[in-house]
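Chemist: Below is the structure I would like to discuss, written out as structure tokens.
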Amino acid sequence: MDGADNRQRQRDEMLALAAIFGDAAVEHDGDTSSFVLHAPIDAMEAQVDVRFHLPESYPSDSPPVFEWIGARDVSADGDARPSGYMYPTRQLVFSAEMSRAAAAELHRVWGEDMGRDAAVFGWITWLAEYLSERWPRPLDPIPLPKDGISAAAKAAECADASRDDETPAESQAQGASVPDIFTGAPLEMKKSVFVGHVARVTSAQEVASVLAALLQDKKIAQATHNILAYRIRLPNGSFSQDNDDDGETAAGRRLAHLLQLLGAENVVVVVTRWYGGTQLGPDRFKLINNAARQALDASGLLATAGHQ
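For the sequence shown, this note's numbering gives the first residue as 15, with consecutive numbering after it.
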């Protein structure tokens, strides 16, 4: 079979994938022999992103080659969820063992006579079943403040109310379950002050307890923003992660990205900002991330997680 025939069959396969998953699911990146497939896995409310490289000899004599990009929880994209909660996202880690199993299956699917013209679709169907056993279970949402009330004020209010209802023994028991919190050195610009706080956490409940413990400090509770992000490695190797801007638009997402870049694991970071009366523009994001990075470095939590 000549190359022209293979190319036509490749185009036909990509058109079929677009018809099945939608036009937006097949992304061409400028190379006719390469494309990215954004395939939904409805049963898990997830999406896998895979780049496929198609040799000139595919599908007649060679299998396609895949490059794993990632998998993400798309349930967080919906608008049907009740407001007032932070919903931890589930992130699948594609291990070397899983990559070997997936490569072997792709070769097997291509090798079957009936599957040569639909190897990618057949493989994606297998992948959905394969990942279903490894995808993280849904995580409990974390309550956030009601609309119109800052996160700091609401958490402080809840903390005060819970202390009023507790006996001394109950209060002491709850305090003992709060992870150790490290507070970094303050950074200042034009009278705005930024302070990072970090703690080692292993569950969303510990994230909530760290925030509540910080907000028992009235100075922190009355700050302009308490921006939060966390990243927790689950027993199956995937990650639970989420963030909260607390009114500073996009700041939580930037903190979450910082944790990913640093390879931080089992860590929550909260950056407290007291507004000094002068707008800082984009510099405020640098200061927020710098305060977080300084606290993470000084606390030793990155080294504890195996990252320098």
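Even for Gly, the Cβ is constructed at its ideal location relative to N, Cα and C.
1. From which residue to which residue does the beta strand (DSSP E) around R148 run?
2. What is the DSSP secondary structure of A243, reduced to helix, strand or coil?
3. Going by CA-CA distance only, name the one from K233, A222, F253 that's closest to L242.
4. Does the segment 231 to 238 touch the segment 212 to 221, meaning 3 or more C-beta pairs lie closer than 8 Å?
5. Taking the alpha helix (DSSP H) that S313 falls in, what are its first and last residues?
6. With burial defined as no fewer than 16 other Cβ atoms inside 10 Å of the residue's Cβ, what is the status of T139: buried or exposed?
7. Can you check which of these residues, G36, A32, L68, A85, is closest to S254 by C-alpha distance?
8. Indicate the three-state DSSP secondary structure (helix, strand or coil) for G84 in the structure shown.
9. Got a sec? Which residues, its chain only, sit under 6 Å from A312 by beta carbon, not counting five neighbours each side?
10. With distance defined between alpha-carbon atoms, name the residue in E119, G125, N280 nearest to G314.
11. Ends of the beta strand (DSSP E) at L201?
12. What residue range does the beta strand (DSSP E) around E41 cover?
13. Assuming L68 contacts P78 (C-beta within less than 8 Å), just tell me the rounded distance between them.
14. Who are the near neighbours of G210 in its chain, counting only those whose CB is closer than 7 Å to its CB and skipping five residues on each side?
15. In chain order, what residues of the same chain have a beta carbon less than 6 Å from the beta carbon of D63, not counting five sequence neighbours either side?
16. Just to check my reading of the structure: W124 and P73 have Cβ atoms closer than 8 Å, yes? What is that Cβ distance to the nearest angstrom?
17. Whose C-alpha, out of G251, M28, G277, is nearest the C-alpha of A132?
18. Going by beta carbon distance, what residues of the same chain come within less than 6 Å of H42, once the five residues before and after it are set aside?
19. Cα separation between L301 and N250?
20. Tell me, please, which residues DSSP counts as bridged to H121.
21. Use the C-beta contact count for S71: other C-beta atoms within 10 angstroms, 16 or more gives buried, fewer gives exposed.
22. How about F80 and A117: are their beta carbons less than 9 Å apart?
23. Measure the Cβ-Cβ separation of A227 and V192 and say whether it is below 9 Å.
Modeler: Reading off the structure:
1. Here residue 148 refers to the residue found at position 134 when the sequence shown is read from its first residue. Segment: none, R148 is in no beta strand (DSSP E) and carries neither H nor E.
2. The residue you call residue 243 lines up with position 229 of the sequence shown. Here A243 sits in strand by DSSP.
3. Looking up residue 242 in the sequence shown gives position 228. Of the candidates K233, A222, F253, the one whose C-alpha sits nearest the C-alpha of L242 is A222.
4. no
5. In the sequence shown, the residue the question calls residue 313 occupies position 299. From DSSP, the alpha helix (DSSP H) with S313 extends over 297 to 313.
6. Residue mapping note: residue 139 aligns to position 125 of the sequence shown, counting from 1. Counting Cβ neighbours within 10 Å, T139 comes out exposed, since fewer than 16 surround it.
7. As a first step, residue 254 is located in the sequence shown; it is residue number 240 there, counting from the start. The residue with the shortest Cα to Cα distance from S254 is A85.
8. As a working mapping, residue 84 is identified with position 70 in the sequence shown. Looking at G84 - three-state DSSP - the assignment turns out to be strand.
9. As a first step, residue 312 is located in the sequence shown; it is residue number 298 there, counting from the start. Only G198 meet the Cβ criterion.
10. Stepping through the sequence shown from its first residue, residue 314 is reached at position 300. Per the Cα distances, N280.
11. Locating residue 201 in the sequence shown gives position 187, counting from the first residue. It spans 201 to 203 - the beta strand (DSSP E) in which L201 sits, taken as one unbroken run.
12. Taking the first residue of the sequence shown as position 1, residue 41 is located at position 27. Where E41 is concerned, the enclosing beta strand (DSSP E) stretches over 40 to 42.
13. Start at 1 with the first residue of the sequence shown, and residue 68 comes out as number 54. Start at 1 with the first residue of the sequence shown, and residue 78 comes out as number 64. About 5 Å separates the two Cβ atoms, so the contact holds.
14. Start at 1 with the first residue of the sequence shown, and residue 210 comes out as number 196. Excluding sequence neighbours, G210 sits near G198, V283, V285, A305, A306, Q308, A309.
15. What you label residue 63 is simply residue 49 of the sequence shown in a count that begins at 1. Hits under 6 Å: H52, I83, G84.
16. Taking the sequence shown and counting its residues from 1, the one referred to as residue 124 is at position 110. Taking the sequence shown and counting its residues from 1, the one referred to as residue 73 is at position 59. The Cβ separation is near 7 Å, so the contact holds.
17. Within the sequence shown, residue 132 is the residue found at index 118, counting from 1. Among G251, M28, G277, the Cα nearest to that of A132 belongs to M28.
18. Against the sequence shown, residue 42 aligns to sequence position 28. F49, listed in sequence order.
19. Residue 301 sits at position 287 when you count from the first residue of the sequence shown. Residue 250 sits at position 236 when you count from the first residue of the sequence shown. When rounded, the distance between both Cα atoms is 34 Å.
20. The count along the sequence shown starts at 1 and reaches residue 121 at position 107. DSSP, once it has assigned bridges, lists no residue as partnering H121.
21. The residue labelled residue 71 in the question sits at position 57 within the sequence shown. S71 should be labelled exposed.
22. Here residue 80 is taken as the residue at index 66 of the sequence shown, counted from 1. Here residue 117 is taken as the residue at index 103 of the sequence shown, counted from 1. For F80 and A117, yes; Cβs fall inside 9 Å.
23. Counted from its first residue, the sequence shown places residue 227 at position 213. Counted from its first residue, the sequence shown places residue 192 at position 178. Cβ atoms of A227 and V192: closer than 9 Å.
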